[in-house]
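Taking it in order: structure first as structure tokens, then the write-up.
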Amino acid sequence: MLYLEGDPCVKTDMSGRKTPRFRQLEALMAVILNGSVTAAAADLGISQPAASRLLADLAKEFDFQLFDKRDGRLVPSQEVRLLEPDIRRVIELMRQISDVSADITKRKAGHIRIACLPGFATSHLPRVVAEFLRDRPGISVTIEPDRPERILEWMVTEQYDFGITDGFFGHPAVERTDVNVRTVCIFPAGHPLEQRQNIRPRDLARENIIHTRRDSVFFQELERRFQDDQVELRSHIEVRQFTAACELVCHGVGVSVVSELDAVKYANQGIAFRPFQPALPHGISLVRPIHKTPSLITLEFFETFKASLDPYLMRP
């Protein structure tokens, strides 16, 4: 058998079987391609003795001849020829793993699972995701809209990496970051309210109000402001999402008070808006599972999304 000189360097798996190292397989393929150990060493960027040692160790682990010598060149033995297709696949797979791991480290590969309120799935979130993915072609994203109760369930059971919700009162298995987004009064473009700088409840005394469901914290706070202004809130249509309210206002069936995040999307679609006074925050909670270690790319997206809200936040 043709064993090249070198000290044995044997790697074994848990069952005690000998397993070749990746660098040994690379050396083997380099010799197959170049026909000599010297040329293979130059190809790998190592010394000739180092290449010889890798091949000697591999020959002892395989326990069969690696090469025959023909016309001054090393050619693979019959046994190596049988293994060559599998060795090529292993080397290619290992290089793919190396490339992907490098992309992960550079935050250019991975998958993010996002649970959110339905309104975010069609308003603010898609723009943030699109900008985030622009320079990260290896990143994939799942967006799942649902009710706050389901989002909490997904966070607790660690089915999603990141959630956007409201009406969240805390859970020991969920980490939260609370933010308050400004709200505005929206109305059809050309409405007399467009002449005002700010809109108060008394300005809406004769208006049909489109509002969120009555059991929501947001509606209760809105109704309280009408009561403080000694004005009746003329309930016209009850909806679950701000986006639905925006669509209805576009069709001229009333006015509404919604998150500015949703209002800006409809600014060129037949509605106008003004700040609502006294200030009424839309509380949003950005949530993550406490016991699930977030990936680097998830943490980066979390910070990116949080920063995207900054222009719309209420200030003290």
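So for the sequence shown, our numbering puts the first residue at 766; every next one is plus one.
Don't be surprised by glycine CBs; every beta carbon is placed ideally from N, CA and C.
Within 7 Å, strictly: CB atoms of residue i and residue j
i, j, result
"VAL949", "ALA1028", "yes"
"VAL1052", "GLY932", "no"
"GLU972", "VAL1020", "yes"
"SER1050", "THR930", "yes"
"GLN813", "ALA824", "no"
"MET920", "PRO1054", "yes"
"ILE974", "LEU958", "no"
"GLY884", "GLN995", "no"
"PRO850", "ILE797", "no"
"PRO1046", "MET1079", "yes"
"TYR1077", "LEU1026", "yes"
"ILE916", "PHE1041", "no"
"ARG788", "LEU839", "no"
"ILE1082", "ILE951", "Nothing about residue 1082 can be read from this structure; the chain reaches only from 766 to 1081."
"ASN945", "GLY1017", "no"
"PHE897", "PHE1066", "yes"
"ALA795", "LEU809", "yes"
"ASP926", "ARG892", "no"
"SER1116", "THR1069", "Residue 1116 falls outside the range modelled here, since the chain spans only 766 to 1081, and no answer is possible."
"PRO966", "PHE991", "yes"
"ALA815", "VAL802", "no"
Reduced DSSP category for residue i - H, G, I as helix; E, B as strand; rest coil
i, result
"PHE787", "helix"
"ALA954", "coil"
"PHE829", "coil"
"CYS774", "Residue placement at CYS774 is poorly supported in this model, since its pLDDT is 45, which falls under 50; the coordinates still yield a value, given next. DSSP places CYS774 in coil when its eight states are reduced to three."
"ASP931", "coil"
"LYS1071", "helix"
"ARG965", "coil"
"ALA938", "coil"
"LEU767", "Below a pLDDT of 50, predicted positions are generally treated as unreliable, and LEU767, at 38, falls in that range; the measurement from the model is reported next regardless. If DSSP states are grouped into helix, strand and coil, LEU767 belongs with coil."
"GLU997", "coil"
"SER780", "Reliability of the predicted coordinates at SER780 is poor, the pLDDT of 45 falling under 50, and no value is obtained from them."
"ARG835", "strand"
"THR948", "strand"
"ILE811", "coil"
"SER817", "helix"
"PRO1076", "helix"
"ASP943", "strand"
"LEU743", "Lying outside 766 to 1081, the shown extent of the chain, residue 743 is not represented and no answer is given."
"GLU1065", "helix"
"ALA804", "helix"
"ASP926", "coil"
"GLN1042", "coil"
Nearest candidate by alpha-carbon position, reference residue i, set the options
i, options, result
"HIS1001", "ARG989, ARG990 and ALA970", "ALA970"
"PRO937", "HIS1056, MET1079, ALA805 and SER812", "HIS1056"
"LEU1064", "ARG947, VAL1018, PHE934 and HIS876", "HIS876"
"VAL947", "ALA821, ASN799, ASP808 and PHE1038", "Position check: residue 947 holds Arg in this sequence, whereas Val was assumed. The residue with the shortest Cα to Cα distance from ARG947 is PHE1038."
"ARG912", "ASP994, SER905, CYS881 and ARG899", "CYS881"
"ALA792", "LEU1026, ASP926, ILE856 and VAL894", "ILE856"
"ALA1010", "ASP993, LYS1030, GLN992 and ASP833", "LYS1030"
"ARG853", "ASP833, SER888 and LEU790", "LEU790"
"PHE829", "THR803, GLN962, ASP980 and GLU844", "GLU844"
"GLY837", "GLY800, LEU848 and GLN985", "GLY800"
"VAL1022", "ALA895, GLU986 and GLN1034", "GLU986"
"LEU1074", "GLU914, GLU1003, ASP968 and LEU890", "LEU890"
"ILE1062", "ASP968, ASP900, HIS976 and PRO953", "ASP900"
"MET859", "ARG846, VAL906 and ARG786", "ARG786"
Near the ligand COA: residue i beta-carbon under 6 Å from a heavy atom
i, result
"GLU986", "This structure simply doesn't include the ligand COA, nor any ligand for that matter."
Any C-beta of chain B under 7 Å from that of residue i
i, result
"PRO953", "Within the model displayed, chain B is absent; a lone protein chain is all it includes."
Any alpha helix (DSSP H) of 4 or more consecutive residues that is wholly inside the stretch 838-917
843-870, 883-887 and 889-898
Where are the alpha helix (DSSP H) runs, 4 residues long or more, that stay fully inside the stretch 964-1040, in chain order?
982-993, 1007-1015 and 1025-1030
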